[in-house]
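Protein chains in written order, with our numbering: chain A, 1 to 882; chain B, 883 to 1340.
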């Protein structure tokens, strides 16, 4: 079978070292091959069917087969590696901002390096290194931040001077450069050949590969994949993997039950030239000039140069499934600005002759991160696509994580930032995708400063108060399509200036947020928190309680009207979700989770709750507007509006009661604020939202009420050492590791998910510990601000990374939260982290290469809690992420 | 003293407006892609007006240009009111009843029109109540009439034009207790305005014209060249039929005095117009209204002056001529413009300039390297040159602006001469009117795909 599939590959340029295989070149494209009938019929069933024979599909097949799975069929509508993979520029670079992406790229590089030896297929792997140039100081800061991350991961990386750049690459004009980042281990490789090598290895391990076989749709029964229909018949299967690249969206929509995969293609151009008179060395490093929006690599003695223009051309919005993407037009006028940037960077290339301008569509996603994981609606339906033009760099690592996910039920790293379930149907509109990818593609090169937001595809989900808040100066950010207030610009402020407060240093809104924080501490503020995910779970009997007791680590068998903060843990004790649950009645519960949990949490519950008609799970997110009243005077405002006493004796902390506010009845009031400050959250049926808001603002006037935004909330929660799911907490973090043992009831009288691991950790200790750092010698006005992802050093040795940070207006210091590990000095092995280990260390936080002293704390400053109530029930959880 | 190119642009672009028909999920299902409009004043203040709106209770879009004379009051009023009269005329009986009931019971009205206005296109707040009451009387009459027949667009347009002119006339005769409004309705009635209005609904294009503004269809021939099709007749002395009509309506004894120096009664250029009660009312009525009117009116020499040889009024009507055209895929755009444009440019040139402008956006000859030996430097030079050339053409984002630039700045070779443009635009107010008239242009771009699909259906 291996010989057969390789014969079908005859038009792709590759050379096999295996003696049995003939050498073939692209010139030998045989017409008879394509007319030939399919000699091998499809199997009637398989365990896994993979659709897509590009780098993703072959990498998944390779890794699955490596993990011992053999019963795998890979289907490709055209020929292997003939889509985007074939046109890929061939650059493998580890210079990635997000840690999970960096890990994938690092793994890919190592994999490709040994692939030729493993498979005998020549991959053209060449370790050339790469140089990322900075034309501005801000760009250099962003490169330094990446360099810090790479260094602690053990990836060689260096910030170099412009002079050093010239030594690495003689053609570069360095006059406008302020510095650069050099990664000596970055490589060039032929992506089509990598894909063929992976396919060869997979095929040797038993994977069946069928080309020119089109999947028409996937059949799903009772929420499970049952098989695929192809133009050559049906294959029954347990698992389906959609690696269809830019066709993934349509393949997802082809079945009766759609699987929403938000990807959209854009044209991508690069230039090939003839060789220079003195051909360029094939070991010359790849040059990335993000400020010029271009990359340049050596190619057969000449160069290959492409880029990410400001005005991308999205295509296939109408969804024509074009098998042949070869026919796309070259567009020189469109490429003009990139050509200018190229000649500015390498003026010596003027006389170089053009060979071709290649138009190679790439698929992009709404948030610039790739998409992997299992469909929320169809079990066994996996997806790996949307590589945002970094498919080759991610291919190896992404295929590995997805294979682990299929085989083990979870990958070996936290891949939540890439999980398909971070999106819902709301990101699946073609218009939304078209507009968003037009913003995403230029962003590949744009400088990304802290707190940047997408500008397209906005105002999709809004609170009923949106216009009111907007008219009062609200500035907005977006989460899961929902508009949320960052802060309120006071009347008379210079608006234009504030909108351009994009900086790595102290931002312009510093004082604005400061005054909102002050108001939360001294009077009362109102924050619209309607975006939170809200579920109701109820049953006719005790099923709701019984099932929730199993799925949540805290004890939910509390008196009616109590609110419980609890983790929703996986079997490894890690946080799948962190939420607040109010017991509304004996048999019904109200659950509040972070905004972006809407799909993930729903899927988790659906998959874990028994199929029992007595048990009803309902998403009521859209039914309620949530107003968070934070501050010592919240109690006064609310009691005046409800004619009910709201003091701690009558309405203790972590309590929930339906009451009237103004004329509106049935408002769910909870004594939580997600900040540790006193106050309440009001869950208001949406038709009352405006009324209640107006009442609160009118009544609040005499107590000094004002609007506030999420930046104030974040500052408050971080100075109180509150971890947020999605930012600080993930599926690899247990309550024991973040000081939340008090939210775990190991003795609640029944078994719950993750219990074993937690018991074990309680006995033997934990291997990482959530820690709060107060920056000591950091000048808020002059120094770079921390963001997240900064390396933490203990006694000069790397121990972990920060997960969030904020300026504390109370402490007048920056606070970073992050995890401390204990690596053995000799072996690097992870050891138990004890309280002493945390307390007996000198800490530093590395911000873009500059280290700042920090004081580590395992508990928040008690002085920050103005009112302590029931000692064990001080609200120690917030959970939405910013 | 010359204006710099940016100064010229800021003058030309001050009043430009563009509207793109919103797409639904990436598709535009309307036969109209959008329109560009602009106006360049010569009078101070400008006496031209323009309007554009989408009918919300029936299908279709309305666009119109209005050329005022003897002040801008009449053109202003017509630009605010005419589309409401047309929309009401098009409404089915049930909708009229629904609207009347809503007003009767103080409920919110169904929105009738969605306006597409430049910020400078203002509506008179003071007169809105008065205008509304007149409009309401009109629909109440329509309800009482209830012909039961489906509304014919041609008839609706004619009725609306005539009715509005009638209301303008009546409001001036009745007057208003509020002295500001009283003066306003008189100024509206004593000034005049032409109107050229297009109604586009699918492939049905109706143009109703009163006066000497003009509607012209831009057609792309099979060989790619451009030709112009008139969709209106000018109502002025150059139009034999129009002269004939006027003569028919009056005794033979007046034949010589009716049209003198190419003007109606030797005074008025357009032969049809709104307002202009001096050419419609009897002498007695004019005298009575002027005398009982406010002092400002009495002191105005124009209003007191009675046209010579004024024996058998009315001499003037607002009744439009309506032309119906079924849109075809080769019909690419429609130009509505006041005579300020047409007296400087031939319609064939207008068709060519707009056509090339509109298609230039889409059909620029792409460069292909093919088998040629081209270096990066040569390609860069070529692209830079192309960009420069494009940017001069596309200095204008708006087809109407582009047309005005040509109308004002064209030299004898038919290309824009910056020096000439600069001179024309820097003329002092009192001189400007000598060299050019107010120009108002709307360019409507059609959606050939949708029009083609309609054709295939039929």
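Cβ coordinates follow ideal geometry from the N, Cα and C atoms, glycine included.
All of these numbers come straight from a predicted model, not from anything done at the bench.
Proximal residues of chain B, C-beta to C-beta of residue i below 9 angstroms
i: residue 330 (chain A); result: 1248, 1249, 1250, 1251
i: residue 456 (chain A); result: Ordered by position in chain B, no residue passes the 9 angstroms Cβ test against residue 456 (chain A), which lies about 14 angstroms from the chain.
8 angstroms Cβ cut-off: residues of chain A touching residue i
i: residue 1257 (chain B); result: 350, 351, 352, 353, 354
Neighbour list for residue i in chain A, Cβ cutoff strictly below 7 angstroms
i: residue 1262 (chain B); result: 339, 340, 343
i: residue 1268 (chain B); result: 333
Residue of the options minimising C-alpha distance to residue i
i: residue 538 (chain A); options: A:635, A:588, A:482, A:74; result: A:588
i: residue 58 (chain A); options: A:833, A:530, A:194; result: A:194
i: residue 650 (chain A); options: A:460, A:274, A:561; result: A:561
i: residue 1256 (chain B); options: A:272, A:289, A:564; result: A:272
i: residue 773 (chain A); options: A:111, A:846, A:594, A:827; result: A:846
i: residue 1010 (chain B); options: B:962, B:1160, B:988; result: B:962
i: residue 1090 (chain B); options: B:1207, B:1141, B:1060; result: B:1207
i: residue 748 (chain A); options: A:619, A:567, A:265, A:550; result: A:550
Three-state secondary structure (DSSP) of residue i
i: residue 1181 (chain B); result: coil
i: residue 1130 (chain B); result: helix
i: residue 1059 (chain B); result: coil
i: residue 240 (chain A); result: strand
i: residue 278 (chain A); result: coil
i: residue 267 (chain A); result: coil
i: residue 126 (chain A); result: strand
i: residue 791 (chain A); result: strand
i: residue 251 (chain A); result: helix
i: residue 1160 (chain B); result: helix
i: residue 1091 (chain B); result: strand
i: residue 169 (chain A); result: coil
i: residue 26 (chain A); result: Residue placement at residue 26 (chain A) is poorly supported in this model, since its pLDDT is 35, which falls under 50; the coordinates still yield a value, given next. Three-state result, residue 26 (chain A): helix.
i: residue 613 (chain A); result: coil
i: residue 825 (chain A); result: coil
i: residue 1124 (chain B); result: helix
Amino acids of chain B, ordered along the chain, whose beta-carbon sits closer than 8 angstroms to that of residue i
i: residue 357 (chain A); result: 1251
i: residue 397 (chain A); result: Result: empty, since nearest Cβ-Cβ is about 34 angstroms, beyond 8 angstroms.
i: residue 273 (chain A); result: 1258
Partners in chain B for residue i, counting only beta-carbon separations shorter than 7 angstroms
i: residue 336 (chain A); result: 1265, 1269
Distance cut-off 8 angstroms: residue i Cβ against heavy atoms of the ligand FAD
i: residue 985 (chain B); result: Among the components modelled here there is no ligand, and therefore nothing to report on the ligand FAD.
Contact between the segment 413-426 of chain A and the segment 274-282 of chain A (3+ Cβ pairs under 8 angstroms): No: fewer than three Cβ pairs fall under 8 angstroms.
Segments assigned alpha helix (DSSP H), at least 4 residues, entirely inside the segment 684-761 of chain A: The segment 684-761 of chain A contains these whole alpha helix (DSSP H) runs: 689-700, 710-719.
Segments assigned alpha helix (DSSP H), at least 4 residues, entirely inside the segment 310-355 of chain A: Within the segment 310-355 of chain A, the complete alpha helix (DSSP H) runs of at least 4 residues are 332-345.
Those runs of the beta strand (DSSP E) which lie wholly inside the segment 359-434 of chain A and span at least 3 residues: Counting only runs that start and end inside the segment 359-434 of chain A, the beta strand (DSSP E) elements of at least 3 residues fall at 362-364, 371-374, 381-385.
At least 3 beta-carbon pairs within less than 8 angstroms: the segment 546-560 of chain A vs the segment 572-585 of chain A: Flag = yes, the segment 546-560 of chain A and the segment 572-585 of chain A touch.
Cβ contact check for the segment 216-223 of chain A and the segment 163-176 of chain A: 3 or more pairs under 8 angstroms: Here the segment 216-223 of chain A makes no contact with the segment 163-176 of chain A; the two share fewer than three CB pairs at distances below 8 angstroms.
Segments assigned alpha helix (DSSP H), at least 4 residues, entirely inside the segment 430-491 of chain A: Within the segment 430-491 of chain A, the complete alpha helix (DSSP H) runs of at least 4 residues are 430-443, 466-471.
Sufficient close CB pairs (3 or more, under 8 angstroms) joining the segment 806-823 of chain A to the segment 836-856 of chain A: Under the three-pair Cβ rule at 8 angstroms, the segment 806-823 of chain A counts as touching the segment 836-856 of chain A.
At least 3 beta-carbon pairs within less than 8 angstroms: the segment 1064-1079 of chain B vs the segment 948-957 of chain B: The segment 1064-1079 of chain B vs the segment 948-957 of chain B: in contact.
Complete beta strand (DSSP E) runs within the segment 900-955 of chain B (minimum length 3 residues, chain order): With a minimum length of 3 residues, the continuous beta strand (DSSP E) runs that stay inside the segment 900-955 of chain B are 914-922, 930-937, 943-951.
The segment 52-67 of chain A / the segment 196-216 of chain A touching (three or more Cβ pairs under 8 angstroms): Here the segment 52-67 of chain A makes contact with the segment 196-216 of chain A; the two share three or more CB pairs at distances below 8 angstroms.
The segment 610-629 of chain A in contact with the segment 513-523 of chain A per 3-pair CB rule at 8 angstroms: These segments do not touch.
3 or more residues per run - each beta strand (DSSP E) lying fully within the segment 66-111 of chain A: For the segment 66-111 of chain A, whole beta strand (DSSP E) runs of length 3 or above, ordered along the chain, are 72-75.
Unbroken stretches of the beta strand (DSSP E), 3 residues or longer, contained in the segment 990-1038 of chain B: You should have 995-997.
Segment contact, 8 angstroms Cβ cut-off, at least three pairs: the segment 67-76 of chain A with the segment 39-52 of chain A: Contact between the segment 67-76 of chain A and the segment 39-52 of chain A is present, because at least three Cβ pairs lie under 8 angstroms.
Inter-stretch contact at 8 angstroms, needing at least 3 Cβ pairs: the segment 1106-1114 of chain B / the segment 1140-1159 of chain B: With the rule of 3 Cβ pairs closer than 8 angstroms, the segment 1106-1114 of chain B does not count as touching the segment 1140-1159 of chain B.
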